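Chemist:
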């Protein structure tokens, strides 16, 4: 049994601090400490390579653990670390290969070329290459793999690991390709039919109950993350200890023993995918416990704040389905924060420091983490610090020349968050709410815990990057003798292949790599929303991940799967052609026009039906026709028959025309197999074998069909690497072909009813919800207590009604947009309307009008965004 770890041991604390610098935190760090030899080796590697100041993410931290835990010499470990930091070793597989190879060298020097070859540095295996290799392998080994029935993915993947061409391929690509090829060669539906037939033939008494259907997003408990794991074990209101028991009583009196949380973003940028987890936890935890959640703008840095961010943050919170019970600002409390800073100085626990930023850095040990020493101003007289602080407030000093620092435990604590943190700094910048009243502004470390205290927060929930801050958080509350909330940390959400840094996204926007902050290839929330992703899909994704203290490093493909799962039963299905080719049914009369009724979703009758025109001329997708047939191809080809989705009879290709210059098929001729029109009657056996394709009929009489699409935009990953944030020059890894635009696509006329119903329903729900939130805010305030916001004794009085003045209002328009129009383009992908769509009728529906008639077709420019792909269609994949 491994030895227990004493977290109070100074040496252990120092190791934990060291681990945290490379994102090794929580249970992972504690588990590592159980092997002291390994822990010391990791710390030595971190210190030897000065990794503490290189902002390693969790993935790179895992690389460090792998390298440090190996038995290779230190110089070889250092070399491996340097190559990992450069991005050359960018996967766990490459790191392990590096350790294995370096272990064979002994004392020999590393030859970079050989090293790169052994570790696959720079080797890129495209998705297309993976698909081809997997296809060839399965076809070549078809009989062997199917010896015991339909092959399972696991054993197939095990066999593929030995294929040389796939040595450095993305494992997710290999798995996806294997699943698709297995389905193509051994269709699961056919396999299940065979199994069922055999079972029936053998004996009805031996039959077993069918397996339950795959769980959909609707089956997942939306409160699961609050019932299980980390969030299910938090204290009840009042359960957090206080330096004075009276503070607990005052807190419970103010809150009426209810849960109070807050979502406190800095209004200096647009929120990203990682923030959605924090929003779901902060607001969701309060809702689950019948509590209340603030939206608090942490507006203590006037140099970085803009009005657009305040509005966008509220809109994002509401779009995700949450309503703040109250909106507040940290600036609401500037006067009280200043008064507590004075109190801290008077207690001998803060001092004014004229040291430069570099001097402070060196006194804290510098980059080398050397010995620490106190500032020469640390023990200046209290009265002197009080006078200097007043001079700071009155504008005597310039930015960067003086600070107020907390007198914590600089020399003895191993926690950098206890090394006399800065409480106030000089900024001669007008504030968006207080104007030029203040020349000094409190820091996050000073503001956050005290405003939590003022607002009587019961559970201060934040990400694990603030673990070390918990000690300073509690120290400051106790130092000024105010109610002390309890801080809990959860692992942040990171998506592989994405950039969330505001600085880096700005570089992408300004460099024209993307169009704007809401470009659907980004993972800002406004970009995700514009792409058409429903808010419910995001919340379902977060809920399925669960909440723990470990950082969630998730492949974006997992998010895509959650989106598909959510959309599967909630969106109508329409026929759409990205690359249409005309088909002339030669035996159908020129003036023939009928309408075929089809369901908008075969498994969800509640979504209704629509009618599509059927005439002599129709269109199919170019991918559904091939000049040269193949046994594995199941679509239309010369002399071959296919069914038209929902049409009474199939068609048979009788000819085609090709553009001589491009070689492109320009039209197809076919026979409609309706006996009343001279078509052939196909036997049942023949009908069972044919595949069905989508199509769009032409309505020349009314001019309504097909509906032309101005642009259909297909988004691919923006970066060609899994970890763009870890690259020195991440812009070099942008994929210039990440945006694929199709012009000339077509869609069936059902798009109009889908758009109208979606927009009118979205507005109705938005109006009802906005009105309800306004009506209930008064009730929530009464339930929460009008005096829930209370100032500590000795501070200028301030109550709940005095806070949040001028805050943005919740509106109907925040909740609706063209992205509400979502549908599945059958056998293509899920799509939504883009905000650049133009159309008088669409605009009227968006505003709640009920425009009728067909004139809305005129002047409309439909622009579609692909939300997420479908699983590849096996028939098309064979092409």
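In full-length UniProt numbering, the protein residues as written are 1 to 879.
In this text, a Cβ means the ideal position worked out from N, Cα and C, and glycines have one as well.
Computed from a predicted structure; not experimentally measured.
1) What is the rounded straight-line gap between the Cα of residue 680 and the Cα of residue 767?
2) What are the residues that DSSP puts in a beta bridge with residue 18?
3) Looking at residue 581 and residue 622, is the spacing between their C-beta atoms short of 7 Å?
4) Excluding the 5 residues preceding and the 5 following residue 590 in the sequence, name in chain order all residues of the same chain whose CB lies nearer than 8 Å to its CB.
5) Which residues in the same chain have their Cβ closer than 7 Å to the Cβ of residue 672, if we skip the five residues on either side of it in sequence?
6) Where residue 523 and residue 500 are concerned, what is the direct C-alpha to C-alpha distance, given to the nearest angstrom?
7) Quick check: the Cα distance between residue 122 and residue 106, rounded to an integer number of angstroms?
8) For residue 621, write down the residues that DSSP places opposite it in a beta bridge.
9) Taking contact to mean 3 or more Cβ pairs, one atom from each stretch, closer than 8 Å, check whether the stretch 162-172 and the stretch 180-189 are in contact.
10) So, are the CB atoms of residue 863 and residue 711 less than 7 Å apart?
11) In whole angstroms, what is the alpha-carbon distance linking residue 183 and residue 432?
12) Examine chain D for any beta-carbon lying closer than 7 Å to the beta-carbon of residue 515, and answer yes or no.
13) Is the distance from the Cβ of residue 226 to the Cβ of residue 521 below 7 Å?
14) Which of the three DSSP states, helix, strand or coil, is assigned to residue 294?
15) Per DSSP, what are the beta-bridge partners of residue 653 in this structure?
16) Using beta-carbon positions only, say whether residue 451 and residue 330 come within less than 7 Å of one another.
17) When you compare only the Cα positions, how much space is there between residue 670 and residue 583?
18) Looking at the unbroken beta strand (DSSP E) that takes in residue 742, where does it start and where does it end?
19) Taking residue 289 as the reference, which of 142, 655, 259, 277 has the closest Cα?
20) Which term fits residue 759, buried or exposed, when burial requires 16 or more other beta carbons within 10 angstroms of its beta carbon?
21) If you draw a straight line from the C-alpha of residue 16 to the C-alpha of residue 85, how long is it?
22) Taking all protein chains shown into account, decide if residue 22 is buried (16 or more other Cβ within 10 angstroms of its Cβ) or exposed.
23) Note down, one range per segment and in chain order, each alpha helix (DSSP H) of at least 4 residues found wholly within the stretch 490-575.
24) State the beta-bridge partners of residue 585 as determined by DSSP.
25) Give a yes or no on whether the C-beta atoms belonging to residue 327 and residue 386 are separated by under 7 Å.
26) Leaving out five residues before and five after residue 738 in sequence, what residues of the same chain have Cβ atoms less than 6 Å from its Cβ?
27) Please name the residue or residues paired with residue 353 in a DSSP beta bridge.
28) For the alpha helix (DSSP H) holding residue 709, just list the boundary residues, first then last.
29) In the DSSP assignment, what residue or residues form a beta bridge with residue 919?
30) Assess contact between the stretch 407-426 and the stretch 294-314, defined as three or more Cβ pairs (one per stretch) separated by less than 8 Å. Is contact present?
31) If I measure Cβ to Cβ from residue 882 and keep anything under 6 Å in the same chain, skipping five residues before and after, which residues do I get?
32) Work out the CA separation of residue 351 and residue 380 for me, nearest whole Å.
33) By a C-beta neighbour count over all protein chains shown, 10 Å radius and 16 as the cutoff for buried, is residue 420 buried or exposed?
34) Near residue 601, which residues of its chain fall below 7 Å by C-beta distance, leaving aside the five closest residues on each side in sequence?
35) Under 8 Å by Cβ, that's how I've got residue 95 and residue 102 pegged, so tell me the actual separation to the nearest angstrom.
36) Taking three-plus beta-carbon pairs below 8 Å as touching, is the stretch 225-239 in contact with the stretch 250-264?
Modeler: Here's the rundown:
1) Going by the C-alpha atoms only, they are around 56 Å apart.
2) Paired residues: none, contrary to the question.
3) Taking a C-beta distance under 7 Å as the contact criterion, residue 622 and residue 581 qualify as a contact pair.
4) The beta carbon of residue 590 lies closer than 8 Å to those of 616 in the same chain, with the five residues before and after it left out.
5) These residues qualify, in order along the chain: 585, 587, 588, 649, 651, 679.
6) Rounded to the nearest angstrom, the two C-alpha atoms are 7 Å apart.
7) Cα to Cα, the separation comes out at about 25 Å.
8) Under DSSP, residue 621 shares a beta bridge with 580.
9) Too few Cβ pairs lie closer than 8 Å, so no.
10) Residue 711 is positioned such that its CB atom lies closer than 7 Å to that of residue 863.
11) Going by C-alpha positions, residue 183 is about 59 Å away from residue 432.
12) The displayed structure is made up of one protein chain only, and chain D is not part of it.
13) Result no, Cβ atoms of residue 226 and residue 521 do not sit closer than 7 Å.
14) The DSSP-derived three-state label of residue 294 is strand.
15) Beta-bridge pairing links residue 653 to 638, 670.
16) Yes, these two residues count as a Cβ contact at 7 Å.
17) So the two alpha carbons sit approximately 7 Å from each other.
18) Going by DSSP, residue 742 is part of the beta strand (DSSP E) stretching over 739-742.
19) Comparing Cα-Cα distances from residue 289 to each of 142, 655, 259, 277, the minimum goes to 259.
20) Residue 759 comes out buried.
21) About 22 Å.
22) Buried is the call here.
23) Listed in chain order, they are 502-510, 525-531, 535-545, 556-567.
24) Beta-bridge partners assigned by DSSP to residue 585: 670.
25) No; because the gap between Cβ atoms is not below 7 Å, this pair is not in contact.
26) Result list for residue 738: 521, 716, 718, in chain order.
27) Bridge pairing for residue 353: 403 [DSSP].
28) Taken as a continuous stretch (DSSP letters only), residue 709 belongs to no alpha helix (DSSP H), being part of the beta strand (DSSP E) at 707-709.
29) Beyond the ends of the chain as shown, which are 1 and 879, falls residue 919; an answer cannot be given.
30) Contact between the stretch 407-426 and the stretch 294-314 is absent: fewer than three C-beta pairs spanning the two stretches fall below 8 Å.
31) Lying outside 1 to 879, the shown extent of the chain, residue 882 is not represented and no answer is given.
32) C-alpha of residue 380 to C-alpha of residue 351: approximately 7 Å in a straight line.
33) When all chains shown are included, residue 420 counts as buried.
34) Within the same chain, residue 601 has close Cβ partners 572, 573, 607.
35) 11 Å between Cβ atoms; not a contact.
36) Touching, yes, given that three or more Cβ pairs across the two stretches are closer than 8 Å.
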